[in-house]
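Residue numbers (UniProt numbering): 1 to 232. Glycine residues also receive a C-beta, built at the ideal position from the N, C-alpha and C atoms. Here the structure is a predicted model, which means the values were calculated and not measured.
Written as structure tokens, this is what we have:
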């Protein structure tokens with residue numbers, strides 16, 4: 001027992017001497033460095049006249065039998081497609097977007113069938129849009145689902161880049177003016193974020209008239225960016 005106490009006393013004395021006279025033992029520490037950022041947003045917009053039209057049109061036929069309804073609907077669609085090709089519309093720009101067959105009822109008895117076929121037409125020469133619609137309706141199209149005016153995809157990319165450059169320039173100008181007013185010294189740009197540019201097609205409703213008159217008007221291609229500056 002005395003031997004155990006003696007050993008314990010020796011250990012305590014050794015620890016005390018080490019703490020009292022020994023070299024200091026560094027304790028690990030984490031130094032948190034806060035980095036300040038200054039953020040500013042800018043917008044860019046380019047206005048352009050649409051150069052492409054997307055038209056949804058078709059035929060709805062009611063006949064006593066499925067065969068009769070399908071035969072007439074197919075005949076009309078084929079005639080429309082051929083006339084559109086004669087106008088210079090390419091095969092790839094004439095697509096069947098819907099085909100449906102529904103029974104028609106007279107109370108509980110089937111009285112006939114309705115066949116509907118729709119075509120989606122991409123008109124890349126927008127000055128032909130009125131002629132396309134008039135030709136299709138003259139050949140039997142009795143439904144016009146809608147008309148969208150938009151911009152060719154390749155051209156849209158170039159215009160979006162222009163809008164992006166304007167947005168960055170706008171953000172930089174704002175940053176310089178705000179920093180000067182607030183007495184902040186701007187450092188380098190460390191990050192940039194962009195809100196996806198959105199060019200929505202212009203929807204148009206079709207109203208049957210003597211002659212179709214559709215004016216393309218204009219649409220905006222826009223984007224916004226946020227710049228992150230270091231501050232000094």
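On the three-state DSSP scale, how would you describe residue 220?
The answer is strand: DSSP assigns residue 220 an E or B state.
Count the other CB atoms within 10 Å of the CB of residue 153; is the residue buried (16 or more) or exposed (fewer)?
Classification for residue 153: exposed.
Closer than 7 Å: is that where the CB of residue 227 sits relative to any heavy atom of the ligand COA?
The ligand COA is not part of the structure shown, which contains no ligands of any sort.
Please confirm if the region 80–89 is in contact with the region 128–145, defined as three or more CB-CB distances below 8 Å between the two stretches.
Cβ pair count under 8 Å is three or more, so yes.
Could you check whether residue 46 and residue 162 sit closer than 8 Å to each other, using their CB atoms as the reference points?
Contact: yes.
Counting C-beta neighbours from all protein chains within 10 Å, is the total for residue 98 16 or more, i.e. buried, or is it exposed?
It is exposed - the Cβ of residue 98 has fewer than 16 other Cβ atoms within 10 Å.
Less than 8 Å between C-beta atoms, sequence neighbours within five positions excluded: which residues of the same chain meet that for residue 69?
Here the set comprises 61, 62, 63, 101, 112, 113, 114 and 115.
With a cut-off of 8 Å on the beta carbons, I'd call residue 121 and residue 57 a contact; round off their distance for me.
About 7 Å separates the two Cβ atoms, so the contact holds.
So for residue 104, helix, strand or coil by DSSP?
DSSP places residue 104 in strand when its eight states are reduced to three.
Going by beta-carbon coordinates alone, are residue 48 and residue 218 separated by less than 8 Å?
Against a cut-off of 8 Å, the Cβ pair of residue 218 and residue 48 comes out as a contact.
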